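Student: 20 is the number of the first residue of the sequence shown in the working numbering; add one for each residue after it.
Structure in C-alpha cells, see below.
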Amino acid sequence: MASSIPTRSSTEKSEALKPCSNARKNGGDRGNIGPERAFENPELWGLRRSARKSGVPDFFHDSMGGNAGCKLGSPRSFFGDSVATNSKSEVVDNGDRSVSELKSSRFCSVVGNEGPQISLHTDKALTRCCSLEDSTDGDPGKKNEKLIALSCNEEEFLIENREGPTSKKMKVSSRPVVNTVPFDAKYLRKVNGTTFFVGNPVLEEEARQRWPHHYMKGKKSKKGCNPANDCDEDEVILDVKCHYLQANVSGCLFDIGDCAYVKGEKRKPNFIGRICEFFETTKGEHYTTLQWFYKAEDTVMKEQAKFHDKMRLFYSDIRNDNLLDCIISKVRISPIIPRVDVKSRALPSCLYYYDMKYSVDYSTFSSLETSEKRDLCSCYGFENDSDVSLKGVRHCCKSNNVEATLLDLYSGCGGMSTGLCLGARLSGLNLVTKWAVDSDEAACESLKLNHPETQIRNESADDFLDLLREWKRLCKCYAVGIGNQRKPNLRSSHVKKSNPHARDDSSMDSEEFEVSRLVDICYGDPANVGKRGLKFKVRWKGFGPSEDTWEPIEGLSNCKDSIRDFVVEGVKAKILPLPGEVDVVCGGPPCQGISGYNRFRNFNAPLDDERNRQIAVFMDIVEFLKPKYVLMENVVDILKFAKATLARYSLSRLVHMNYQARFGMMAAGCYGLPQFRLRVFLWGCHPYEKLPQFPLPTHEVILRGGASAEFERNIVGYDEGQVRVLEKAVVLEDVLSDLPAVSNDENNEQIPYTKGPQTEFQRYIRMPKSEMIGFSACEVDDIQPLLFDHRPRKLFEDDYMRVCQIPRKKGANFRDLPGTIIDANNTVQLDPSKERILLPSGRPLVPDYALNFWEGKSVRPFGRLWWDETVPTVLTVPDAHHQAVLHPEQDRILTIRETARIQGFPDYYRFSGTVKERYRQIGNAVAVPVSKALGYAMGLAWLKQSGDEPLLTLPSNFALSNKVLQLSSSPSEVQNVSS
C-alpha cells in the first residue's frame with residue numbers, strides 16, 4: 020500500500036507558486052525542472068516547512084532561510100544526506116524494470132530552500148531521485164496518499180499522485196543518487212559543523228587521469244594559500260590516497276565545480292574559490308583544491324579599486340590545497356561579457372559575477388580564453404558557448420584595417436610614437452601617427468619637422484579633451500549628410516572682430532569685419548583674454564594669415580554656414596578624432612608631484628596634487644575615445660611613491676573601463692642602447708582584442724638600480740632556468756665613435772660626416788628615413804646626408820677651464836683636479852698642505868658645490884664618460900656640476916646628437932627650439948628602441964599572431980632590423996633548461 024500525501028488548501032498552493040528569487044533558469048540538457056515547468060505542476064512545489072516540528076536540524080532553516088519553492092532535481096541542491104522515512108510505498112513500473120520501494124527522503128536546496136527527495140530503486144540497483152515536498156504542516160498524524168511511478172527512464176519519472184478520488188499524472192526529472200545510505204535526523208544534527216566525503220571514491224585509474232599531479236611521488240602542492248597572498252614558500256608534500264566527487268560540509272553537499280566562501284583571515288572578509296578536487300590523504304586528512312577568485316581590492320589595485328563594483332570578481336589560475344573544513348557555504352557566481360561601449364550593463368541576479376581573469380604575473384587583467392569560457396559555462400549552467408561568446412558584440416573597429424591610427428598624447432618630440440610605428444611595421448602592421456598633442460611649442464615644432472603628415476596640436480591635454488567633446492557635439496549638429504557631396508557655402512558673414520589688446524574702458528566699439536572662412540578650432544584661451552571656451556580661428560576677408568584671430572563660437576552666431584563648412588571638411592580630413600576612430604592611444608603623462616627633486620610632495624593624497632592629475636586626464640581621454648590599444652609610460656618613481664597609488668589608480672581606471680591591462684618595467688639598455696633607463700609601461704587593450712605582450716630583452720645590460728620589492732616580478736626579463744641568447748651590451752664606443760670631433764663653441768645646425776660607420780649600430784642609426792621604415796636601399800637616393808644637431812650646450816668660461824683639466828681617462832672627475840685629497844672614508848677634501856687654486860675669475864678651481872655633493876662622496880661632478888661604459892639615464896638638463904656628462908676625449912659635454920643617439924633617435928630625426936629646449940625634448944622622450952619593441956609586440960597582437968603568455972621573444976637582430984620579420988616559431992616560446 021502507498022502512504023498518503025497531505026492535500027493543501029488553495030491558499031497554500033498559491034503561496035507555493037512563488038519561485039525562489041535566485042533559482043537558476045531551466046537546467047538545459049541536464050534534465051532539471053525549471054520554474055516554468057514546475058508552475059505547471061504545483062503539487063511539486065512545497066510550502067515553508069517548520070524545521071523544528073518536522074525534525075529537521077536548525078541549520079537547514081536558520082542558516083539557509085528555509086524558503087519554500089525550491090526547484091526540483093537541481094544537480095547541486097543537496098543539504099544533508101538521506102533522511103530515513105517510515106513510509107514504504109508500493110511503487111509499480113509499467114515498463115520492463117520494477118521500481119521496488121520508496122526508500123528514503125533527502126533535504127535539498129538551490130540557494131537555501133530545502134525539501135525532501137525520494138529515491139526510487141530498481142531491481143538492478145539503478146537509482147534515480149526526484150524532489151517532492153512532503154509538507155505535514157506540523158501534523159505528524161497525516162498520512163501520504165498513494166504515489167505510483169508509472170514509468171521510469173533516463174530522463175524522467177512519470178508519477179501519479181492520487182489525492183482522494185482524483186489523481187494527477189506528473190513528469191519529474193531524474194538523476195543518479197551518489198549516496199543512498201539512509202541517515203536519520205538525529206545523525207544530521209550530529210554532523211552539523213563537520214565535514215566528510217560523500218559516495219564512493221573515484222576509481223584510481225580515472226583519478227590518475229584527471230588529477231595526475233597529485234599521484235606523482237614527491238610532488239609538492241601549495242597548501243593553505245589564498246588569492247591575496249601568493250605564498251610559494253608554503254609548498255608541502257601531500258600523499259593522496261583517493262579522490263571523491265562530493266563532500267558534505269556542515270550538512271551542505273558540494274560537488275566539484277561549485278563555488279564557495281572560504282574562511283578568510285581574522286577580522287577580514289572571506290575568500291571565494293571554485294572547488295576543483297576533493298581528496299583524502301594517506302593520513303586520513305580531508306582536502307579540497309580551490310581555484311581562487313579575486314576581489315578587486317585583493318588584486319594589485321588594492322585601495323584604488325574602491326570605485327569598482329563590489330560584486331565584481333576576477334577569475335584566476337591560482338589554485339592550492341586546503342583542508343576541507345575551510346569551506347563555509349556555497350555562493351553563486353556568473354560569467355558575463357565585458358563591454359566598453361555601454362554605460363550600464365544588465366547584471367545577473369546572482370550574488371557575484373566576473374568578466375576577466377587576473378594573474379599576478381605582470382599584474383595582468385585579461386579576457387577569458389575560449390577553453391576557460393567553455394569550462395566555466397559547463398560549471399555555471401549555460402546551455403552552450405553562445406551564452407558567453409563574442410558573437411554580435413565585436414569592437415566597432417575592424418581588425419583588418421589597412422592602416423591603424425595612433426594618437427600620441429604628451430607627445431614631446433615624438434620618441435614613443437616613432438618607435439611604435441617602426442616596430443609595428445616590422446610585424447606587418449601599418450601604424451600611422453595621425454594626431455599628436457603637447458603643450459610644449461618647441462616639441463611640437465620638432466614633431467612637425469619629422470612627421471608633417473600628423474595633425475599636431477600645441478595645447479594642454481585638458482583643453483584637448485574639452486575640444487574632443489565639443490567636436491563630437493559639432494559633428495552631431497553639422498556633419499549630417501557628409502557623403503552628399505554638398506558644396507561649401509562661400510557666402511561671407513559679417514561679425515564684430517574682437518580686439519584682445521583693447522582695454523576694458525575703451526569707448527571704441529569693435530569694428531565689424533567680413534568672415535572669409537574658418538581655418539582652425541581649439542578649446543581654451545589662446546588669446547589670453549581670461550576666458551576659456553570653444554574658439555574658431557577666423558580668416559578675415561581682405562586680410563592675410565597674419566591677421567587671423569581667435570573668436571568665440573558665441574560671436575559667430577550668424578556664421579552657421581561657415582561653421583558647417585569647417586566641420587564637414589574637418590571630418591573628411593580627420594583633423595580631430597571621434598570615438599571609435601583611434602586605434603591606439605599612447606602617452607607619458609607628466610607627474611612632477613612624485614619627482615624626487617620635489618621637496619613638497621603630497622604623500623598622503625597624491626591624486627589630489629594638481630601636478631599629478633594628468634594621469635586622470637589621460638584616462639579620461641581613453642574613456643572618451645575607446646581605442647583598441649593603450650600604452651602609458653612613466654618613471655619608476657610611480658611605483659615607489661605613496662605606496663604606488665598613481666600606478667594602481669592607472670591600472671584600476673583601465674580595468675574599470677573593462678579594458679584588459681598589464682604593466683611591466685623595461686630597461687632601455689636591454690634593447691640595444693648604452694643607458695640603463697628603467698621605465699614603467701602599462702598596456703591597455705579592448706576586451707575583444709589580443710592583449711599585447713612585453714618583449715624580452717635582446718641585449719645584456721649593466722644594471723643600475725631597480726624597483727621596489729613588491730614589483731620586482733614586474734621587471735621584464737628572463738626567469739631562472741630559461742635559455743637566453745643575448746647580444747653583448749651596447750657601450751658608448753658602439754654609438755659615438757663615428758661622429759666628428761666638435762668643440763665647446765660649435766654652433767652649426769648641420770655638419771658633414773667625416774668617416775663612415777664603424778659599428779652595426781652606427782650603420783643602422785645613419786639610415787635615411789625611407790630606408791629605415793622599410794624601403795630597400797635601391798629605392799632611395801644614395802646621397803650621404805648631413806649630420807644635424809651635433810653641437811653641445813656651451814660651458815661657461817670657469818667650467819670650461821675646469822673641464823680642460825679633467826684627465827682624459829676612465830673614471831676621471833673633479834677629484835683629479837689639483838688641490839684635493841681622498842681620506843680613508845672615500846670623502847674628498849681640499850689638501851690642507853696646499854694653497855687653494857683660483858681661476859682667473861677669482862673663483863676656486865675646485866668649487867664648494869662639488870666638494871659638498873653627497874657629503875663629499877660623489878664622483879659625478881665634472882665626471883668624464885668612457886668608451887666602454889654606459890650612462891644611467893639621459894636627463895633633460897646635462898649639468899656637469901652634478902653629472903658625468905663629459906665626452907671621453909673632448910673637453911665638452913655630450914652634444915645634442917650624441918644624446919639623441921643614446922636615446923635611439925635616428926640621425927635623420929631633427930629637433931627644433933633652443934639648445935636647452937632640444938636637450939629637454941630628448942631627455943623627456945621614450946627611448947626609441949624600447950617603443951619599437953613594444954610596437955612590434957602590439958602589431959603581433961593586432962594580427963592575432965601573439966601568444967597568451969605575458970612575455971614575447973623577439974627575433975634575432977631585432978634592434979637593427981628594418982624589414983618585416985617572420986617568426987620561425989611561436990613568438991612567445993621560451994625554452995627552459997632541462998633539469
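Think of the CB as a built atom: it goes at the ideal place given N, C-alpha and C, for glycine as much as any other residue.
Keep in mind that this is a model prediction, so the values were computed, not measured.
1. To the nearest angstrom, how far is it from the Cα of residue 879 to the Cα of residue 792?
2. For residue 235, does the count of other Cβ atoms within 10 angstroms reach 16, so buried, or fall short, so exposed?
3. Taking all protein chains shown into account, do 16 or more other C-beta atoms lie within 10 angstroms of the C-beta of residue 976, making it buried, or fewer, making it exposed?
4. Leaving aside the five residues before and after residue 318 along the sequence, list all residues of the same chain whose C-beta is less than 6 Å from its C-beta, in chain order.
5. Where does residue 1074 fall in DSSP's three states?
6. Between the C-alpha atoms of residue 710 and residue 490, what's the straight-line distance to the nearest angstrom?
7. Apply the 10 Å Cβ neighbour rule to residue 757 and answer buried if 16 or more other Cβ atoms are within range, or exposed otherwise.
8. Which class does residue 922 belong to by DSSP, given the choice of helix, strand or coil?
9. Taking 8 Å as the threshold, find out whether the region 649 to 656 comes into contact with the region 304 to 318 through three or more Cβ pairs.
10. Can you tell me where the beta strand (DSSP E) with residue 945 in it begins and where it stops?
11. I'd like to know if the region 923 to 931 and the region 816 to 831 are in contact, where contact means that at least 3 CB-CB pairs between them fall below 8 Å.
12. Kindly provide the ranges of any alpha helix (DSSP H) runs that are 4 or more residues long and lie completely inside the region 856 to 897, ordered along the chain.
13. What is the C-beta distance between residue 612 and residue 630, in whole angstroms, given that I count them as a contact (C-beta under 8 Å)?
14. Going by the beta-carbon positions, is the gap between residue 435 and residue 950 smaller than 9 Å?
15. In whole angstroms, give me the CA-to-CA distance for residue 785 and residue 705.
16. Helix, strand or coil: which one does DSSP assign to residue 662?
17. Can you list, in chain order, the residues of its chain whose CB lies under 8 Å from that of residue 764, leaving out five sequence neighbours each side?
18. Round the Cβ separation of residue 280 and residue 348 to the nearest angstrom and send it over; I've been treating them as touching at under 8 Å.
19. How many Å lie between residue 768 and residue 743 at the Cα?
20. From the DSSP output, which residues share a beta bridge with residue 535?
21. Out of curiosity, what's the CA-to-CA distance linking residue 1009 and residue 564?
22. So, with DSSP's three-state summary, where would you put residue 633?
23. Within the chosen definition, does the region 443 to 453 reach the region 620 to 630 through at least 3 CB pairs nearer than 8 Å?
24. For residue 665 and residue 610, which I take to be in contact (beta-carbon distance under 8 Å), what is that distance rounded to the nearest angstrom?
25. Let me make sure I understand the geometry here. Which of 728, 958, 577 and 692 has the alpha-carbon closest to that of residue 893?
26. Around the Cβ of residue 386, are there at least 16 other Cβ atoms within 10 angstroms (buried) or fewer (exposed)?
27. From what residue to what residue does the alpha helix (DSSP H) around residue 589 run?
28. Could you spell out where the beta strand (DSSP E) holding residue 820 opens and where it closes?
29. Considering only residues of the same chain and omitting the five flanking positions on each side of residue 947, which have a CB-CB separation below 7 Å?
30. Between residue 676 and residue 651, is the Cβ-Cβ spacing less than 9 Å?
31. Three-state secondary structure (DSSP) at residue 908?
32. Does residue 149 pass the burial test, meaning 16 or more other C-beta atoms within 10 Å, or should it be called exposed?
33. Looking at the secondary structure, which residues open and close the beta strand (DSSP E) in which residue 341 lies?
34. On the DSSP letters alone, give me the boundaries of the alpha helix (DSSP H) that residue 492 sits inside.
35. Verify whether the separation of the beta carbon atoms of residue 838 and residue 849 is less than 9 Å.
36. Using CA atoms only, rank isn't needed, just tell me which of 807, 961, 883 and 856 is closest to residue 916.
Tutor: Reading from the atomic positions:
1. 38 Å
2. exposed
3. exposed
4. 377
5. One cannot answer for residue 1074 here, as it falls past the ends of the chain, which runs 20 to 998.
6. 30 Å
7. buried
8. coil
9. no
10. First-last for residue 945: undefined, no H or E at that position.
11. no
12. 867 to 871
13. 4 Å
14. yes
15. Approximately 37 Å between the Cα atoms of the pair.
16. helix
17. 813
18. 5 Å
19. Answer to the nearest angstrom: the Cα atoms are 43 Å apart.
20. Note: residue 535 sits in no beta bridge, so no partner.
21. Limits of the chain in this structure are 20 at one end and 998 at the other, which puts residue 1009 out of reach.
22. helix
23. Under the three-pair Cβ rule at 8 Å, the region 443 to 453 does not count as touching the region 620 to 630.
24. About 6 Å; that satisfies the 8 Å criterion.
25. 692
26. buried
27. 579 to 592
28. Run containing residue 820: none in the beta strand (DSSP E); it sits in the alpha helix (DSSP H), 816 to 823.
29. 434, 437, 438, 922, 923 and 924
30. no
31. It is coil, neither helix nor strand.
32. Annotation note: pLDDT 38 at residue 149 (below 50); position unreliable, coordinate value reported separately. By the neighbour-count criterion, in which a residue is buried when 16 or more other Cβ atoms sit within 10 angstroms of its Cβ, residue 149 is buried.
33. For residue 341, the uninterrupted beta strand (DSSP E) segment begins and ends at 331 to 342.
34. Element bounds for residue 492: 480 to 497.
35. yes
36. Distances from the alpha-carbon of residue 916 to those of 807, 961, 883 and 856 put 807 closest.
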